[in-house]
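The structure appears below as structure tokens.
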Amino acid sequence: MIKTLLSQVKEFKRASILTPVFMILEVLLETMIPLVMASIIDNGVEKGDMGHIFRMGAVMAVLALLGLLTGILGGTFGARASTGFARNLRKAMFDNIQTFSFSNIDKFSTAGLITRLTTDVTNIQNAYQMLLRMFTRAPASLICAMTMAFLVNAKLASIYLIAVIFLSAVLMYIMSHATRYFKQVFSKYDDLNASVQENITGIRVVKAFVREDYETTKFQAACGKLYEMFIRAEKLVVMNMPVMQFTVYSCILGISWLGAKMIVGSSLTTGELMSLLAYCMNILSSLMMLSMIFVMVTMSTASAERIAEVLNEKADLTDPENPVMEVPDGSIDFDHVNFSYKKNSQEHVLKDINLHIHSGETIGIIGGTGSAKSSLVNLISRLYDVTDGSVKVGGIDVRKYQMEALRNQVSVVLQKNVLFSGTILDNLRWGNKEASEEECIRACQLACADEFIEKMPDKYHTYIEQGGSNVSGGQKQRLCIARALLKKPKVLVLDDSTSAVDTATDAKIRRAFAQEIPDTTKLIIAQRISSVQNADRIIVMENGEIDGFGTHEELLASNAIYQEVYQSQMEGGGDFDEHMAGGEKS
Amino acid sequence: MSPRPNGPGPRGMRNMRMPGKKVENPGKLLMRVWGFVLKTYKIHMIVVIVCIFASVLANVQGTMFTRTLIDDYILPLLASDHPDFGPLAAAIGRVACFYAIGVAAAYTYNRIMIFVTQGSLRDLRNQMFAKMETLPVKYFDTHPHGDIMSIYTNDIDTLRQMISQSFPQILNSIITVVSVAISMIILSIPLTILTVLMVVVMMNVTGRLAGLSGKYFVEQQTNLGAMNGFIEEMMEGQKVVKVFCHEEENIKKFDELNQKLFVSADNANKFVNVVGPCNAQLGNVSYVLCAMLGGVLAIKNFGGFTLGGLASFLTFNKSFSMPINQVSQQLNSIVMALAGAKRVFDLLDEPSETDDGYVTLVHAVEKDGKLTESPNRTGRWAWKHYHKATDTTDYVELTGDMVLDGVDFGYNPDKIVLHDVKMYATPGQKIAFVGSTGAGKTTITNLLNRFYDIQDGKIRYDGININKIKKADLRRSMGIVLQDTNLFTATVMENIRYGKLDATDEEVIAAAKLANADGFIRRLPEGYNTMLRGNGSNLSQGQRQLLSIARAAVADPPVLILDEATSSIDTRTEKLVQDGMDKLMKGRTTFVIAHRLSTVRNSDCIMVLEQGRIIERGTHEELLEEKGKYYQLYNG
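If you're matching them up, the sequences are chains A and B in order.
Positions 14 to 599 (this note's numbering) are the ones given, in order, by the first sequence.
Positions 73 to 708 (this note's numbering) are the ones given, in order, by the second sequence.
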């Protein structure tokens, strides 16, 4: 995991190495200052030697300047290394996600991927900077101060050694317990916030059922529990400060007492005593710092793990060697296709599918939720690979094509479709970068999107908000169809893409398809019988198998499922809204 | 037109917020925060302040000891031939006592502060939540949900920092600075002036660097927002990206944003990192200057300045500049906390939903041919209507008779969306609203249970103006099934019981059966005890709808408001939902926003809405005969 992450340091290796070097230099300089101080007092002040004081003062000024220089360089390189590392991590993840196939994407939740690219990277950036700067600084400072203390007077310095051992043991104990508590607390805290979120989105339900007081009582109980947990965790953490103070004070008193005796016994000078006292703070505060770093780093390991997961995920679809670039025609063949989303799964989503569709045919696909309609069409543009058997487009196995070439010629309008922030034209040109405005308008006319775009204030230059929130569901679907049409595909797949479009417009779109792009093979998945009944042939899917394949009339005569769906829709289970929507904006 | 603006998630919003926005009247806000804390924790805070004092003084006392140690003990001991360590031991014992008090005080105040901080936050959260629950629906419709959420998470968090860390630290720093300053002045005035001068230089440098970094921080925040927005959008649409082979363009755009963010983050961090070393070295310079000047003074014995005095002063030199640096660092977080506090108090100051209603809903029983109140559940309900003028109370049976007369309404007073709506529903009738998106169907249902109040006209419920009815009772009498089903984190059983809190398990199961939900619930891993999370994300859309029907069914209200779902669910589940809804509607006055032919056809009366007006009304057959808009629409 750490190796995966560190491999992204790349061009910031130099900065990553220089940062700790400068930090250590800074610490060394800092350590020398008390030494010079001791000299000022012992040889200067006590002996009344002004010249010495000024000489040493000059030395200290130089040391301070050097310290400043190393400090600035350390800080600069530290910033560069950590933000650069973060940049590389984000890029590596994003690039890798771009190579993901659908099944890779399915493995991660969208929210999960976003968190990894944002919050997790920030956590790592901070932890990395902390590691480079503080994690070298604190031990270096500890070691230097300790060494100096021993050089000044080994006997007295051993007090520090005892203090360090004592303090690190106590801090370790407190921190390890506290982090455990805090983990529990934060998960409870998340739950509490989740319940606030629920109340905000569900406020109409809360109010409609007059459950304001009930929700408040429930919330306050949860809040009270969280309070208790926080108190328990924090009670441990507040021990840090007094323990630290206790140790520092004990050291000062111990050294004062023993130091005084030694000075009287002439084995120590006053200046040396003062240096020793100055090292005291250095030693113990770096220890404190270490314990904090320890906590921060343990907290960021979760982020590191999540990032490594994305980086280590290998795209499971790759282009073949010497790929075919051109799809000859729009014929589609399924030969004994089995398919399951999970590898090595015995339970197939699609079972032994055999299908032969001619170029230019219009095929309707109908079936209940979970009957694997989408799975079936997703195999055509190789969004997933078959488990057994083969899928051929234009007579060639889809695995032999370059994926980009295949997908540009087999255009899919996904069920869960999205528009992106940008103008309508920008969105349309996802289908074809070079499309002229006329071509875009043409595609929109085919998809019956032109009629509402023309009514918009900025027409084709209207800005679409993120996720297409400023267009209605039906409008969004029509734009998505137009976008797919701009690819001038040999095969066009519409996966429930007109569900929010009214029946009249739906019919109009289908008529346009039949007239304008007769050579394109069209596959239409729909819930409504009316959307498919005029297709050349209709596939009825049930539990991952083809239950029926034929014309409307044939199926109506022979297929039980088709009859059932037909009956239920004709008997008035239909969508009234769709009729109404015909009058929308008219 | 839809009154449901769905705000972006909390994550998105967090980054959109512009940093460093000026808070007006920070003093008043600060007072209010402390007023809130002190209301409950006055005594606690007094103890805390006393303890901070004790701890700081003990610390200062200890630092002073270095001087006493050298001047009063070591030097005399060196001078004497027969050193007596007794007085030194006593002195060390005394200082040890001071230190002990200091440690105890530090522990005490830290520990008390946990209770103060966590307790205040708990109270604040509770108040916020309780307040939020009283806010009108309009508040939620006009505020992005991410923003509201962010008050509970980010803003409360910054407040926690302020109360628990900034406050004790600043108090500590102030007391330290003051007592150290006094001690320094006692030791040596010239050295004090020198030290103060150096601190001024330090603050100047810090200020300058902060100013420089501030620019980059704003830039970093903006770039981060843009970057996160792009990431959110692309992760959301990753599959579409694949289908359109848009990966390379995406990477190009991403690299651009990523590089921008890197440059600004690098600069911002650089300045922050440099502040520390600058101050540290300036501190060292100050230290050296003091040592040199102090050395001269001690040698010349200027004003009785001694070597021990210099030793103590040098320690003070460090403890003087450190707290000032700390305070300047804390100031930033206080500004942030105040911005958060403002949003918290804005929420608390939001006006609650008003309720002037006095007509209440009571259990009814018939006595001597007259309806009166009953303390027990009777299955019959009545409106208890007190007439002030005549000082009489009368009871009107709740039947579900609803009349709208000349109702005008707009979400925004100057943009009326419903015009002169007239309609009535007699008990048990089923009224269907049809019309295109934005015609005002949902709006009408929002008015019936007073999620919004009408601008003009009257709505009468069993002959009573609904403005006179207590809102809680009005809403209790109406069941509601919304298009977006909202479920809560709880078991299936508890989710259904939401409709009637005292419903027995049997009642819940009966309601589930009525709603056709029983079948799928039993197939869940733990049946009725299955936990639902994340708005029932482990259920299908159809199943969620069935649960919300069951929830309304258990409440058993005389009036129902249904908003049929438009989303396509598969034919079989849809049949179940349809059937469940039909059973629920039986015998109740129902207002239904209809999307299905069968619902419309079976209605007693259909209201055809267009642009906020009812343009046609009647039964399915009547409307077809009329050959108007409905006819046109029906025949596509």
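Note that CB positions come from ideal geometry on N, CA and C, so glycine has one too.
For residue 603/B, the pairing in a beta bridge is given by DSSP as 563/B.
Annotated three-state conformation of residue 459/B is strand, per DSSP.
Here residue 186/A is exposed. Its C-beta has fewer than 16 other C-beta atoms within 10 Å.
Membership of residue 685/B in the beta strand (DSSP E) is indicated by the continuous run 685–690. Contact check for residue 96/A and residue 338/B: beta-carbon distance about 4 Å, within the 8 Å limit, so the pair qualifies. Distance between residue 237/A and residue 426/A, taken at the CA atoms: about 50 Å. Look at residue 532/B here: in three-state DSSP terms it is strand. Neighbours of residue 338/B across chain A, judged by C-beta separation under 8 Å: 92, 93, 96, 97.
Contact between residue 144/A and residue 310/A holds, with the beta-carbon distance rounding to 7 Å and staying under 8 Å. Around the beta-carbon of residue 595/B, fewer than 16 other beta-carbon atoms lie within 10 Å, marking it exposed.
Chain B places a beta carbon closer than 9 Å to that of residue 100/A, counting this residue as a contact. Between residue 347/A and chain B, the shortest Cβ-Cβ separation is not below 9 Å. Contact annotation, residue 618/B with residue 588/B: C-beta distance approximately 6 Å; criterion of less than 8 Å satisfied. Our two residues, residue 452/A and residue 499/A, have alpha carbons roughly 7 Å apart in a direct line.
Residue 454/A and residue 408/B have their C-alpha atoms some 50 Å from each other.
Fewer than three pairs of CB atoms, one per stretch, sit closer than 8 Å, so the stretch 100–114 of chain A makes no contact with the stretch 282–292 of chain A. Boundaries of the beta strand (DSSP E) around residue 370/A: 363–370. The Cβ atoms of residue 376/A and residue 550/A lie closer than 9 Å to each other.
Counting only runs that start and end inside the stretch 372–440 of chain A, the alpha helix (DSSP H) elements of at least 4 residues fall at 386–391, 416–422.
Between the C-alpha atoms of residue 257/A and residue 178/B there is a straight-line separation of about 11 Å. Listed in chain order, the non-local C-beta contacts of residue 41/A below 7 Å within the same chain comprise 157, local neighbours out to five positions each way being set aside. Residues of chain B whose Cβ lies closer than 8 Å to the Cβ of residue 305/A do not exist, since the nearest Cβ in that chain is about 14 Å away. Within 10 angstroms of the beta-carbon of residue 358/B lie 16 or more other beta-carbons, which makes it buried.
Contact with chain B is found for residue 262/A, since one of that chain's Cβ atoms lies less than 9 Å from the residue's Cβ.
In the three-state scheme derived from DSSP, where H, G and I count as helix and E and B as strand, residue 481/B is classed as strand. DSSP places residue 357/B outside any beta strand (DSSP E); the residue lies instead in the alpha helix (DSSP H), whose first and last residues are 319–372.
Closest in alpha carbon position to residue 634/B, among 543/B, 602/B, 194/B, 671/B, is 671/B. Across the stretch 239–251 of chain B, no CB contact with chain A closer than 8 Å is found for any residue. Between residue 516/B and residue 554/B, the CB-CB gap reaches or exceeds 9 Å. The alpha-carbon separation between residue 526/B and residue 212/A amounts to approximately 25 Å.
Judged by DSSP in its simplified three-state form, residue 247/A adopts helix. For residue 568/A and residue 305/B, the gap between their C-alpha atoms comes out near 42 Å. Secondary structure of residue 432/B (DSSP, three-state): strand.
In the three-state DSSP reduction, residue 134/A falls in the helix class (H, G or I). For residue 181/A, the CB contacts under 7 Å within the same chain, skipping 5 residues up- and downstream, are 300 in chain order. No Cβ-Cβ contact shorter than 9 Å links residue 475/A with residue 518/A.
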